[in-house]
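Visitor:
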Amino acid sequence: PPWDNTIEGIIAGFERVAAGKLGLCVAQIEKRQKSGMCYEDAWNMTSVQLTAASEAHCRAILLATYHKETAEQAASTSPALRRVLQQLVDLYVVYWALEYVGDLLRFTSISERDIESLQSWYEDLLTQLRPNAVGLVDAFDIKDEILNSALGAYDGRAYERLMEEAMKSPLNAEPVNKTFHTYLKPLMQGKL
Amino acid sequence: VNVDLQKERDQCTFDVEELTNIIDGGVEKTDERRKRVEMALKEQLHIDSVPSVYLSHKEKYELAVKKACLLFKMIRKLQEEENTGMENYRAVLGGNLGTAILSDGSPLLLHYVMFIPTVMGQGTVEQQAYWVGRAFNLDIIGTYAQTELGHGTFIRGLETTATYDPSTKEFILHSPTLTSYKWWPGGLAHTANYCIVMAQLYTKGKCHGIHPFIVQLRDEETHMPLPGIKVGEIGAKLGMNGTNNGFLGFDQVRIPRDYMLMKNSKVLEDGTYVNSPSSKLTYGTMMFVRVMLVNDMCNYMAKAVTIATRYSAVRRQSQPKPDEPEPQILDYLTQQHKLLVGIASVHAFRINANWLWNMYNNVTAELETGDMERLPELHALSCCLKALSTADAAACVERCRLACGGHGYMLSSNLPTTYGLVTAACTYEGENTVMLLQTARYLVKAWQQAASGNSLTPTVSYLSVVRSGRRS
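Those protein sequence lines, which keep their order, are chains G and A.
For the first sequence, the positions run 7 to 198 when the numbering used here is used.
For the second sequence, the positions run 0 to 471 when the numbering used here is used.
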């Protein structure tokens, strides 16, 4: 079937990739068995391809479930939030399409022009989501005490907090460490 | 608040609280979570006089035990006040809150996420009545030992034996080789006094495969290991050094007959073995934990992207346009590429985790009525989603660390510790490649079913449609 450069089309493409990879695995196993290999050895020889097929299957489900469930969830949200949630779904699906571009070329009728268009779509989505990046992570609502990070605190005092944490190092409890007298000074004076 | 960060918040186009409510599953759930967090933080368990990263291995464990016990006390208070269910334990111990208080993991975690669920899932009603109450009150501390030094996921290869002696109506637990020693379980080393042990069951001279047994490891008063029990800690690891992972060997240890969990298979007093309706039922605990894992990965990713995104709004670097100030690094497309996919991944996995959780509950409800049709599908799905969620989470946390440059390498950024927790999940509960091969086995069977014209279960039904494409 012709390639459909939409979210639904990409998800269908992933299903095609998963089925294509799995079909090849089954064919490989059968071919190896016909050449005299036992099933277990044929399976082992095909196992790298099998893990890839399994991963593609899982990606297809992940994308399809994310797309479907978000559409249902977003139906009851405000238009502003709905737009952002949809942008996130689009970004995620397009990102994985670009990650799987080799497999899509192999198992679907995607063209180079479609890929260029996906790449532009992806870059546009990044730009569209950019103003909401901080709002999106604020929505995870993780308190500073739980985040436990000098870099990620809500107030953004990253540099001050880095310095505060540095001061907690036990080495900063004294201005001169005893190793200076035991090793460094004797070494510098040629008395070690 | 940093001026740049405030500016970011001012330009946000949606209501942040509305999204928080969706993430939590409703306004009430947000309130519940916030209340729980507030209560935990009020106890000040997250505050250390010396940051735990500067403590020795032994001190880290001792602090982890202290905090885990105080945390339990707090949860008990919460239970008494609200009379809520098991979810409080999971939310407090396993979620972000748990790792904030116990940054290197909890030695009591397996008690709640594996010991109690296994007794509930695989014990008879009588066994549940006896053990679950004791476990909930923490009269006993349990863990779950399956993996052995010589074998991990391949459970048929496990060597620990449980041989039934009808003359005394006891099982004899034994570790015949060094490779049969149990290896890895959290809390096993110096914390738990009871353990669910997976062992090869022998009765009337015949092996019936692996079955779960409850074994007392330590004296309930003195905590000394019981005779025949060889137990200790496995040593320092990449991360999770507070979880007290242990080894365990048995030298002809005798336990009563009713210490075998017998909801599925049974051994009668005379040693007669009564088979389980499905050998797959033994996998119940592992599936439950894998489903939980997907959710945990969302929490870790959310933490990592929150840290890296806020930092990227504050950090300014380079001067691409002359005479203009250094831009926020969040304005660079490469930085957006690192962060925004991470944010989307949290939502994608959160939604999939909820979906898998619903499926798990439906399938386990069907099992109660003897319907096992969708069990292999759930097993295959929990395997591959465990593999992908942990691998993607590890990649996401690492990408966030890189997005923070050298500062992300600091332990005070909390990104390295988070990476330690996430990457551990790629290995435990089944290494990811093994997980993907388990799913592949199911997929190949599904493919062959489709080839024979049989109908397929919902998550693989697309195979029938696509099969008719060019490759067939």
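Glycine included, each C-beta is placed from N, C-alpha and C at the ideal position.
Can you tell me the Cα-Cα spacing of A81(G) and R112(G), whole angstroms?
Guide: 36 Å
Visitor: For S115(G), which residues of its own chain have a beta-carbon under 8 Å away from its beta-carbon, when the five flanking residues on both sides are left out?
Guide: Non-local C-beta neighbours of S115(G) in its own chain, meaning closer than 8 Å and more than five positions away in sequence, comprise P7, P8 and W9, ordered along the chain.
Visitor: I need the boundaries of the alpha helix (DSSP H) containing T76(G), first residue and last residue.
Guide: Following the DSSP letters along the chain, one finds T76(G) inside the alpha helix (DSSP H) bounded by residues S53 to A80.
Visitor: Verify whether the separation of the beta carbon atoms of A99(A) and N154(G) is less than 7 Å.
Guide: Against a cut-off of 7 Å, the Cβ pair of N154(G) and A99(A) comes out as a contact.
Visitor: CB V465(A) to CB R22(G), shorter than 7 Å?
Guide: yes
Visitor: By a C-beta neighbour count over all protein chains shown, 10 Å radius and 16 as the cutoff for buried, is H187(G) buried or exposed?
Guide: With fewer than 16 other beta carbons inside 10 angstroms of its own, H187(G) counts as exposed.
Visitor: May I ask you to report which of helix, strand or coil DSSP gives V131(A)?
Guide: helix
Visitor: Look up D164(A) in the DSSP assignment and say whether it is helix, strand or coil.
Guide: strand
Visitor: Does any residue of chain A have a CB that is nearer than 7 Å to the CB of R22(G)?
Guide: yes
Visitor: Which value, in whole angstroms, describes the spacing of the CA atoms of Y272(A) and V266(A)?
Guide: 5 Å
Visitor: Counting only beta-carbon separations shorter than 7 Å, does D144(G) have a partner in chain A?
Guide: yes
Visitor: With a Cβ-Cβ cutoff of 7 Å, do A159(G) and V15(A) count as a contact?
Guide: Not a contact, by the Cβ cut-off of 7 Å.
Visitor: Can you give me the Cβ contacts of D3(A) inside the same chain, cut-off strictly under 7 Å, excluding the 5 residues immediately before and after it?
Guide: A312, V313 and Q327
Visitor: So which residues of chain G does P226(A) contact, with C-beta pairs closer than 7 Å?
Guide: None at all; the shortest Cβ gap to chain G is about 43 Å.
Visitor: Going along chain A in order, which residues have a C-beta closer than 7 Å to the C-beta of A141(G)?
Guide: The question names Ala, but residue 141(G) is Gly in the sequence shown. Simply R8, C11, F13 and V15.
Visitor: Nearest by alpha-carbon distance to G151(A): which of W354(A), N431(A) and A303(A) is it?
Guide: The shortest C-alpha separation from G151(A) is found at N431(A).
Visitor: Give the interface partners of H63(G) over in chain A, defined as CB-CB distance under 8 Å, in chain order.
Guide: C383, T438, L442 and V459
Visitor: Report the neighbours of G15(G) on chain A: residues whose CB is nearer than 8 Å to its CB, in chain order.
Guide: The premise fails here: G15(G) is roughly 14 Å from chain A at the closest Cβ pair, so nothing lies under 8 Å.
Visitor: Flag this pair as yes or no: are the beta carbons of N243(A) and G186(A) separated by less than 7 Å?
Guide: yes
Visitor: Pull up the distance between the alpha-carbon of Y60(A) and that of N240(A), whole angstroms please.
Guide: 7 Å
Visitor: Tell me, which residues are paired with C194(A) by DSSP?
Guide: Under DSSP, the beta-bridge partners assigned to C194(A) are T142(A) and V214(A).
Visitor: Closest to R315(A) by C-alpha separation, out of Y331(A), I22(A) and A301(A), would be which residue?
Guide: Y331(A)
Visitor: Whose C-beta lies closer than 6 Å to the C-beta of H173(A) among residues of the same chain, with five residues either side of it excluded?
Guide: T160, F249 and Q251
Visitor: Hey, would you say L135(G) sits closer than 7 Å to Q93(G), going by beta carbons?
Guide: yes
Visitor: How many Å lie between P474(A) and L107(A) at the Cα?
Guide: Any answer about residue 474(A) is impossible in this case: the structure gives chain A only from 0 up to 471.
Visitor: Measuring alpha carbon to alpha carbon, tell me which of D391(A), A450(A), R253(A) and P175(A) ends up nearest S166(A).
Guide: R253(A)
Visitor: Report the three-state DSSP secondary structure of I238(G) (helix, strand or coil).
Guide: Missing from the structure shown is residue 238(G); chain G here goes from 7 to 198 and no further.
Visitor: Which residue's Cα is closest to the Cα of D150(G): L329(A), K320(A), H207(A) and A303(A)?
Guide: A303(A)
Visitor: With a threshold of 16 other CB atoms inside 10 Å of the CB of M286(A), please say whether the residue is buried or exposed.
Guide: buried
Visitor: Would DSSP call W356(A) helix, strand or coil?
Guide: In the three-state reduction of the DSSP assignment, W356(A) falls in the helix class, which pools H, G and I.
Visitor: Quick one: Cα of A139(G) to Cα of R88(G), how far?
Guide: 15 Å
Visitor: Nearest-angstrom Cα distance between S471(A) and I67(G)?
Guide: Since pLDDT at S471(A) reaches only 40, below the 50 mark, its modelled position is unreliable, and the value read off the structure follows with that caveat. Each residue's alpha carbon lies about 22 Å from the other.
Visitor: Looking at the strands, I want to know which residues DSSP matches up with I171(A).
Guide: T162(A) and R253(A)
Visitor: Counting Cβ pairs, one atom from each stretch, are 3 or more of them under 8 Å apart for the region 441 to 448 of chain A and the region 342 to 349 of chain A?
Guide: Contact between the region 441 to 448 of chain A and the region 342 to 349 of chain A is not established, with fewer than three Cβ pairs separated by less than 8 Å.
Visitor: Nearest CA to the CA of P375(A): which residue from H56(A), E220(A), P184(A) and V459(A)?
Guide: Checked all of H56(A), E220(A), P184(A) and V459(A); the closest Cα to P375(A) is V459(A).
Visitor: Taking three-plus beta-carbon pairs below 8 Å as touching, is the region 37 to 52 of chain G in contact with the region 353 to 372 of chain A?
Guide: no
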